[in-house]
Amino acid sequence: SGEVTMNTRSGKRVIVDHRRTAIRRHSGAIKGYLCVDIDLTIRKKQEQYSHRSQRLESIGTLASGIAHDLNNVLTPILMGANLLSSDRAPTNPQPLLNTMVASAQRGAALIQKLLSFAGGVRGDQAPVRISQIIRETRGLLEHTLLKSVEIQTKVAENGSVVLGDSTELVQILMNLSINACDAMPDGGVLTIEAESIVLNGNASQIHPHAEPGAYLLLSVSDTGMGMSHEVLDRIFTPFYTTKEIGKGTGLGLATVQGIVKSYGGFITVYSEVGRGSKFSIYLPAAPDLEAFASSASTTTIESGRGYCILLVDDEEAILSMSGSVLEAAGYRVLMASDGMSAISKYREYHHQVSAVLLDMMMPGLSGLQTMDALFEINPQIKIISCSGLRTVKRETEVMERGAAAFLSKPYTDSQLLETLTQTLTTHPR
Ligand SMILES: Nc1ncnc2c1ncn2[C@@H]1O[C@H](COP(=O)(O)OP(=O)(O)OP(=O)(O)O)[C@@H](O)[C@H]1O
Ligand SMILES: [Mg+2]
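Numbering (my numbering), first residue to last: 95 to 523.
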């Protein structure tokens with residue numbers, strides 16, 4: 095007896111509750127079996143559905159939280175801009191401008207956090223020395239943790255490097271460490287370790303998604319209360335928490351998982367009730383630091399020297415801002431607010447245009463379609479694609495189609511100019 099999946103005669107897959115009773119002759123010998131299968135398919139579907147609506151509910155909570163924070167971030171910018179353009183503008187606008195910039199940066203950080211929670215999104219990648227990340231985390235922890243928790247750090251090779259974003263890497267270690275400390279209210283030992291390892295053909299035994307190769311293994315272990323199987327099964331679910339209301343949001347591990355996934359890595363957890371837990375993060379090792387050192391060197395920004403750039407974006411504000419930044423740097427600027435007009439502008443001016451800055455998310459003709467059409471006019475065209483949603487998949491897609499660079503929104507004036515300089519000074523593909 096029990097739940098089994100089987101196929102009906104018509105080939106439909108059903109989940110049934112299967113019960114079987116033996117039918118005996120008078121002598122006691124078994125004559126046959128009576129089988130009763132109760133179709134559970136619909137009930138299972140309903141369960142799934144209610145699971146999904148719970149998730150939708152949590153997304154709703156999240157969205158209203160974010161909306162509230164974003165409004166708080168936008169208000170000072172809006173007020174500041176209005177004040178600056180009025181006749182009440184202060185004679186020294188610098189403090190006001192600083193507040194506005196800080197506010198906008200906070201908004202960008204907020205969205206980055208949301209995106210890394212959603213998973214599959216990638217921050218700026220650069221070679222990061224892991225010993226540095228651990229030192230930074232330790233520094234932060236020493237200020238926040240209970241005195242009764244002893245912190246041990248072990249880095250196997252000081253040179254270990256991973257390709258990533260240092261803020262995200264610190265965030266991973268902080269989220270895991272804080273969980274570890276919450277699990278040790280009466281004190282204990284928190285251990286953070288890093289080592290380089292190579293997984294061979296048996297990689298998938300460690301984790302179903304693991305590919306063989308070189309990894310950086312980061313682990314955070316504690317000597318705390320541990321987790322039961324029921325808890326372990328759910329820890330990565332967003333908003334799942336066993337902590338009191340107001341103490342935990344249940345987003346810590348979901349965020350860690352989102353970041354780790356976006357790096358092409360994976361997580362394993364080992365835990366014993368009453369003895370402690372160990373979280374192991376496997377991140378693909380950076381190929382070769384030397385190779386990255388040269389490409390990661392900061393480009394000096396050259397002036398536009400009269401180069402002509404075609405800006406394509408459906409957001410009026412972005413067009414005019416980016417346009418002003420480029421003109422101030424000595425570029426000439428053409429603008430288009432959708433794919434169609436970008437194509438006709440390019441057709442008309444392609445002898446003058448040196449590069450196109452193309453928004454990937456526009457109504458009407460999409461960024462990708464516009465890109466294909468531009469390549470048809472000139473296969474050598476240099477296109478910088480921009481998007482507010484930077485995912486590994488999206489970036490790979492546009493780079494494979496031949497884009498010269500990818501610029502993620504929101505970008506600063508110097509990021510814009512740096513990317514342009516880089517693009518214009520490299521040889522055509
Ligand atoms: N090291 C650990 N030891 C014991 N339980 C843990 C440990 N790490 C995580 N957990 C369990 O997993 C749950 C989810 O962890 P997660 O970090 O996602 O959320 P949280 O810590 O409850 O809240 P938040 O991190 O958002 O403040 C925790 O509530 C806890 O029950
Ligand atoms: Mg947590």
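Just so you know, even glycine gets a beta-carbon here, dropped at the ideal spot from N, CA and C.
Closest residue to residue i among the options (Cα-Cα distance)
| i | options | result |
| --- | --- | --- |
| T317 | D280, Q351, H323, G344 | D280 |
| V110 | I124, Y127, K139, A274 | K139 |
| I117 | T247, C129, Q188 | C129 |
| S271 | K248, V255, L239 | L239 |
| G96 | T102, L413, R114 | R114 |
| E491 | K476, L462, T517 | L462 |
| T520 | A497, S179, S502 | A497 |
| G458 | K125, E442, I437, V450 | I437 |
| S414 | Y401, T261, G400, M429 | M429 |
| T247 | V255, Q226, G105, V350 | Q226 |
| M456 | E442, Q446, G482 | G482 |
| R107 | I136, L377, S315 | I136 |
| T349 | N192, E262, S254, S313 | E262 |
| I291 | E338, S254, R103, G358 | S254 |
| L235 | V264, L257, V222 | V264 |
| Y505 | C480, V363, R182, T485 | C480 |
| D507 | S460, M278, S418, S365 | S418 |
| L420 | P187, H237, E512, K337 | E512 |
| Y364 | T336, G126, I300, N186 | I300 |
| K241 | D131, M278, V222, Q206 | M278 |
Contact under 9 Å by Cβ, residue i with residue j
| i | j | result |
| --- | --- | --- |
| V427 | L405 | yes |
| G295 | G368 | no |
| L310 | I286 | no |
| A198 | I171 | yes |
| Y440 | L514 | no |
| I403 | S448 | yes |
| V98 | H112 | yes |
| H303 | F360 | yes |
| N273 | G174 | no |
| V283 | I224 | no |
| D259 | G342 | no |
| E305 | A250 | no |
| I471 | H444 | yes |
| R495 | M465 | yes |
| P378 | G433 | no |
| Q509 | L501 | yes |
| L204 | L178 | no |
| A422 | L257 | no |
| S315 | G370 | yes |
| A499 | Q474 | no |
| S313 | I375 | yes |
Minimum Cβ-Cβ distance from residue i to chain B less than 9 Å
| i | result |
| --- | --- |
| R107 | The structure shown contains no chain B; it holds only a single protein chain. |
Helix, strand or coil at residue i [DSSP, three-state]
| i | result |
| --- | --- |
| S391 | Reliability of the predicted coordinates at S391 is poor, the pLDDT of 44 falling under 50, and the value obtained from them is presented with this limitation in mind. S391 falls in the coil class under three-state DSSP. |
| V367 | coil |
| D407 | coil |
| L204 | helix |
| K372 | strand |
| G362 | The sequence shown places Thr at residue 362, not Gly. Strand at T362. |
| F386 | Because the pLDDT at F386 is just 44, under 50, the model does not fix this residue reliably, and the value given afterwards should be weighed accordingly. Helix at F386. |
| M319 | coil |
| R103 | coil |
| R182 | coil |
| A123 | coil |
| A348 | helix |
| T519 | helix |
| E244 | strand |
| S502 | strand |
| L413 | helix |
| G400 | coil |
| D507 | helix |
| T331 | coil |
| P221 | strand |
| A116 | strand |
| G258 | strand |
| G96 | strand |
| L190 | helix |
| L239 | coil |
| L377 | strand |
Open item on the list: For a minimum of 3 consecutive residues, which ranges assigned as the beta strand (DSSP E) are wholly contained in the segment 422–500?
Closed with: 426–430, 447–453, 477–481
TODO: Report yes or no: do the segment 327–336 and the segment 230–237 share at least 3 C-beta pairs separated by less than 8 Å?
DONE: no
Open item on the list: Runs of 3 residues minimum, wholly inside the segment 266–312: which ones carry the beta strand (DSSP E) assignment?
Closed with: 282–293
Task: the segment 351–360 contacting the segment 409–418, beta-carbon criterion three pairs below 8 Å - done: no
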